[in-house]
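First residue of the sequence shown? That's 2 in the numbering used here, and the numbers climb one at a time after it.
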Amino acid sequence: MQPYINQLLQDLNAAQNNLPPPKDYALLYPNHPAADPQYDGELNYIIEWEMGDEQPMEDLFGISADALPPVELLTDEQAGSLCDAILNLWQAFNILADYPHKVPIKLLYQALRNYWIEKPVSYTSAGHLHLEFCHYKPEECPWGLEYCTCKDLAEEWKKNPVQLTPEEEAYWEKGLQPDGGWVNPDLLDENGNFDPDKLKSFGENDEAESLPF
């Protein structure tokens with residue numbers, strides 16, 4: 002098994018150099034609000050975030066999911082080496098994995114392997130894509146209750162629930178940030194400032210679009 006692991010590690014390391022060729026998303030989607038010439042290309046990353054296609058990891062990285070051995074066949078040392086190689090590869094593609102740092106190495110490898118097999122991802126050349134393995138339901142946590150950290154957040158939320166004002170709730174419902182950040186240009190006045198009156202009618206206009214931030 003070790004010779005196979007050595008070859009797989011080489012393949013994973015080499016795949017870091019196989020980044021997808023850049024795409025001109027402003028050219029592909031010229032009618033996207035963020036492609037407006039007034040932004041001089043500074044918001045092209047938003048078009049990429051919103052319009053980038055998801056694809057299986059094996060297609061993105063060029064390594065079949067079948068190449069990753071079942072965890073039962075690995076020693077702790079082998080699982081650790083593969084975890085490091087996978088995480089380094091993901092980071093080269095601007096993909097970051099969020100997981101408890103005290104989780105056993107074989108449990109981590111199993112989660113990384115499952116994600117590789119089951120979940121498509123969208124490559125972005127700017128910023129980072131964060132992969133979460135737990136969805137804040139401790140009873141369904143892939144790490145088990147012993148290593149689950151979201152259960153602590155759930156308990157904290159119960160003790161100190163977040164209170165939003167009606168205006169803040171309206172922001173979040175529209176995909177905006179109450180404390181600033183990028184806002185759909187359709188919601189700005191002629192001076193480039195956010196117009197609350199436009200937020201009230203947002204969604205009534207079929208041409209209005211909500212963009213990520």
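Glycine is no exception: its CB is placed at the ideal position from the N, C-alpha and C atoms.
{"query": "Comparing C-alpha positions only, which one of E119, N161, H131 and K138 sits nearest to P57?", "result": "E119"}
{"query": "On the DSSP letters alone, give me the boundaries of the beta strand (DSSP E) that A80 sits inside.", "result": "Where A80 is concerned, there is no enclosing beta strand (DSSP E), although the alpha helix (DSSP H) it sits in stretches over D77 to A93."}
{"query": "Please classify Q8 as buried or exposed, where buried requires at least 16 neighbouring CB atoms within 10 angstroms.", "result": "exposed"}
{"query": "On a Cα-Cα basis, can you pick out the residue from E140, V104 and N95 that is closest to G128?", "result": "N95"}
{"query": "Is it the case that the Cβ atoms of L10 and A86 are separated by a distance below 7 Å?", "result": "yes"}
{"query": "If contact is defined by three or more beta carbon pairs under 8 Å, each pair taking one atom from either stretch, is the region 35-44 in contact with the region 64-74?", "result": "no"}
{"query": "Does DSSP classify N7 as helix, strand or coil?", "result": "helix"}
{"query": "What is the rounded straight-line gap between the Cα of L90 and the Cα of A16?", "result": "7 Å"}
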